[in-house]
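S.K.: Take this structure first; my questions come after.
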Amino acid sequence: MPLPQVCIFLALFLKLSILTIQTAFTYITGTISELYDEREAANIAHIIMEHLTGMSKLDRIVHKTKILSPDQNNRLKLAIEALQRQEPVQYITGSSWFYGMELMVNKDVLIPRPETEELVEWMVHDAAHRHRLQLLDIGTGSGCIPLALKKALPDAQVSAIDVSEGALHVARTNASRLRLEVNFIHMDALDAQQVATLPEFDMIVSNPPYITQSEQTSMQERVWGYEPSLALFVPDNDALLFYRHITILAKSKLQPGGALYFEINEALGKEVVALMEEHGFQQVTLKQDMFGKDRMVKGEISD
Numbered sequence: 001m002p003l004p005q006v007c008i009f010l011a012l013f014l015k016l017s018i019l020t021i022q023t024a025f026t027y028i029t030g031t032i033s034e035l036y037d038e039r040e041a042a043n044i045a046h047i048i049m050e051h052l053t054g055m056s057k058l059d060r061i062v063h064k065t066k067i068l069s070p071d072q073n074n075r076l077k078l079a080i081e082a083l084q085r086q087e088p089v090q091y092i093t094g095s096s097w098f099y100g101m102e103l104m105v106n107k108d109v110l111i112p113r114p115e116t117e118e119l120v121e122w123m124v125h126d127a128a129h130r131h132r133l134q135l136l137d138i139g140t141g142s143g144c145i146p147l148a149l150k151k152a153l154p155d156a157q158v159s160a161i162d163v164s165e166g167a168l169h170v171a172r173t174n175a176s177r178l179r180l181e182v183n184f185i186h187m188d189a190l191d192a193q194q195v196a197t198l199p200e201f202d203m204i205v206s207n208p209p210y211i212t213q214s215e216q217t218s219m220q221e222r223v224w225g226y227e228p229s230l231a232l233f234v235p236d237n238d239a240l241l242f243y244r245h246i247t248i249l250a251k252s253k254l255q256p257g258g259a260l261y262f263e264i265n266e267a268l269g270k271e272v273v274a275l276m277e278e279h280g281f282q283q284v285t286l287k288q289d290m291f292g293k294d295r296m297v298k299g300e301i302s303d
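Per UniProt numbering, the very first residue in the sequence shown carries number 1; after that it's consecutive.
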C-alpha cells in the first residue's frame with residue numbers, strides 16, 4: 001500500500017481509537033516522513049512511543065499488538081500535531097538525555113547537545129586526582145554542564161549562573177530530581193557589578209550564545225523557532241560579546257593555576273583563542289569535536 005494510503009488508513013484507526021503500539025509507531029513515521037529522513041523519523045517515533053507507553057523498545061516489540069488507551073491516543077494526536085509544526089521532540093516529551101542523565105527541558109532552555117558532553121569530558125579529565133575543586137558554569141540553561149560535573153566529580157563545589165529565571169527553575173528542578181547539589185544563582189554575566197560578588201574558582205566553563213543573527217537563515221526552523229533566542233544569538237557586529245565579557249570575568253575570578261573552558265561557534269575558533277591570549281591566558285588550546293569541527297577552547301592562568 002502506498003505511503004499516503006497507509007497514513008489515511010492509520011488516521012482512521014487513530015480516529016476510531018484502536019491504534020496498537022505497532023500501528024501508532026508506523027503512523028508517527030508516516031506523518032513526519034517529509035520533515036525527517038527515515039532514520040531520524042524512526043528515532044523520533046521511538047522516543048514518542050516510549051514517552052506515551054513508558055515501555056522500552058524491546059517491551060514495545062513484545063507487546064506490539066497492545067491497543068493504546070484513549071488517553072494515550074489523545075496524547076499521540078497532540079504529539080503528532082507538534083511534530084508537524086517542527087517542534088523538537090525533546091520539548092514534546094519534556095526531557096532530554098545528557099551524560100547519562102535524563103533532564104527536564106522546556107522552551108526556557110536549550111536542548112543539550114552531544115558536543116557539550118565532550119566539553120564536560122575534557123574538564124573531568126583535567127580534574128582527575130584533584131580534590132575539592134570550585135567550579136562555575138556561566139549561562140547554565142538546563143543545568144546540564146554543572147550537573148554532569150557534579151555527577152563525575154562528587155567532591156567538587158559546583159555553582160552556576162543564568163540571567164533567565166525560567167532556565168534556573170528548570171536547572172534547580174533537574175538538580176532536585178537527580179539529587180545533585182549545585183548552587184544556582186540568578187545573575188547577568190554581562191553585569192560587572194553582579195559578577196564582582198562571585199568568589200574565586202578553579203575552573204570556569206561556559207557555552208554562551210554564539211550564533212550571529214545572520215546565521216539564523218541557514219538554521220533549521222525547529223531550532224530557532226522553538227529554542228530560546230536569548231541563549232542562541234549574538235549581534236552580527238559583536239559575535240564575541242559573551243566570550244569577551246566571560247574572559248574578563250574569568251581572569252579576575254580564577255585562582256592561580258585555574259582554567260577557563262568555552263564551547264564555541266566553529267567559525268570563531270581562532271578569534272576566541274586570540275581573545276583569550278590577549279587577556280593573559282596561557283597554553284590556550286583549540287579542540288575539535290567528534291565531527292572534526294572546532295568546538296572547544298581552554299586557556300590557563302599561570303600559577
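Where a beta carbon is used, it is the ideal one built from N, C-alpha and C, also for glycine. Since the structure is predicted, the reported quantities are computational estimates derived from the model, not experimental observations.
Find out if the Cβ-Cβ distance for the pair V182, P208 is shorter than 8 Å.
M.R.: The answer is no: Cβ separation not under 8 Å.
S.K.: Determine the extent of the beta strand (DSSP E) in which K298 is found, giving its start and end residues.
M.R.: D294 to E300 is the extent of the beta strand (DSSP E) around K298.
S.K.: DSSP on A196, reduced to helix/strand/coil?
M.R.: Coil, per DSSP.
S.K.: Could you check which residue in G257, P256, Q255 and V273 has the C-alpha nearest to that of L240?
M.R.: Closest option to L240, Cα to Cα, is V273.
S.K.: Determine whether the beta carbon atoms of P111 and V120 lie at a separation below 8 Å.
M.R.: Going by the sequence as given, residue 111 is Ile instead of Pro. Not a contact, by the Cβ cut-off of 8 Å.
S.K.: Does the segment 21–32 come close enough to the segment 57–69 that 3 or more CB-CB pairs lie under 8 Å?
M.R.: The segment 57–69 vs the segment 21–32: in contact.
S.K.: Using C-beta distances below 6 Å, list every residue in its chain close to F281, excluding the 5 sequence neighbours before and after it, in chain order.
M.R.: Around F281: G299.
S.K.: Does the segment 135–143 come into contact with the segment 75–93, if we say contact requires no fewer than three beta-carbon pairs (one atom in each stretch) closer than 8 Å?
M.R.: Contact fails: fewer than three Cβ-Cβ distances are below 8 Å.
S.K.: Can you have a look at residue 304 and say buried or exposed, based on whether 16 or more other CB atoms are within 10 angstroms of its CB?
M.R.: Here the chain covers residues 1 to 303 and nothing more, so residue 304 does not appear.
S.K.: Going by other Cβ atoms of all chains shown within 10 Å of its Cβ, with 16 needed for buried, is F262 buried or exposed?
M.R.: Buried, since its Cβ has 16 or more Cβ neighbours within 10 Å.
S.K.: Using a Cβ-Cβ cut-off of 6 Å (strictly less than) and excluding sequence neighbours within five positions of I44, which residues of its own chain qualify?
M.R.: The residues are V89.
S.K.: Can you tell me whether Q288 is buried or exposed? The criterion is at least 16 other CB atoms within 10 Å of its CB, across all chains shown.
M.R.: Classification for Q288: exposed.
S.K.: What number of angstroms, rounded off, separates the C-alpha of Y36 from the C-alpha of A42?
M.R.: Going from the Cα of Y36 to the Cα of A42 covers about 9 Å.
S.K.: With distance defined between alpha-carbon atoms, name the residue in L58, I80, G258 and E278 nearest to Y243.
M.R.: That would be E278, whose Cα lies nearest to the Cα of Y243.
S.K.: Out of G257, W122 and D294, which one is the CA nearest neighbour of S267?
M.R.: One point to set straight first is that residue 267 is Ala, not Ser, in the sequence displayed. Comparing Cα positions, the closest option is D294.
S.K.: Assuming L180 contacts K150 under a Cβ cut-off of 8 Å, what Cβ separation, rounded to an integer in Å, is found between them?
M.R.: Indeed, because the Cβ distance is near 5 Å, the residues count as touching under 8 Å.
S.K.: Would you mind reading off the limits of the alpha helix (DSSP H) that contains E38?
M.R.: Looking at the DSSP string, the run of the alpha helix (DSSP H) that includes E38 is E38 to T53.
S.K.: Starting from Q134 and walking both ways along the alpha helix (DSSP H), at which residues does that stretch end?
M.R.: No alpha helix (DSSP H) contains Q134, which is instead part of the beta strand (DSSP E) from Q134 to I138.
S.K.: Measuring CB atoms only, is the segment 91–110 touching the segment 165–174, in the sense that at least three cross pairs come out at less than 8 Å?
M.R.: As far as the Cβ criterion goes, the segment 91–110 touches the segment 165–174, which means the pair count is three or higher.
S.K.: Leaving out five residues before and five after M1 in sequence, what residues of the same chain have Cβ atoms less than 6 Å from its Cβ?
M.R.: Because M1 sits at a pLDDT of 42, beneath the cut-off of 50, its placement in the model cannot be relied upon, and the point is left open.
S.K.: Ends of the beta strand (DSSP E) at T285?
M.R.: Segment Q282 to Q288, the beta strand (DSSP E) holding T285.
S.K.: Does DSSP put L254 in a helix, in a strand, or in coil?
M.R.: Looking at L254 - three-state DSSP - the assignment turns out to be strand.
S.K.: Can you list, in chain order, the residues of its chain whose CB lies under 6 Å from that of S159, leaving out five sequence neighbours each side?
M.R.: L136 and N183, listed in sequence order.
S.K.: So is L133 buried or exposed if we call it buried at 16+ other beta carbons inside 10 Å?
M.R.: Per the 10 Å Cβ criterion, buried.
S.K.: Going by the DSSP bridge assignment, what does T20 pair with across the sheet?
M.R.: Answer by DSSP bridge pairing, in chain order: I67.
S.K.: Less than 8 Å between the C-beta atoms of I92 and R60, yes or no?
M.R.: Their beta carbons are not under 8 Å apart, which means I92 does not touch R60 by this criterion.
S.K.: Find out if the Cβ-Cβ distance for the pair M276, M203 is shorter than 8 Å.
M.R.: Contact: no.
S.K.: What is the rounded straight-line gap between the Cα of S302 and the Cα of Q255?
M.R.: Roughly 9 Å between the two C-alpha positions.
S.K.: So is M296 buried or exposed if we call it buried at 16+ other beta carbons inside 10 Å?
M.R.: It counts as buried.
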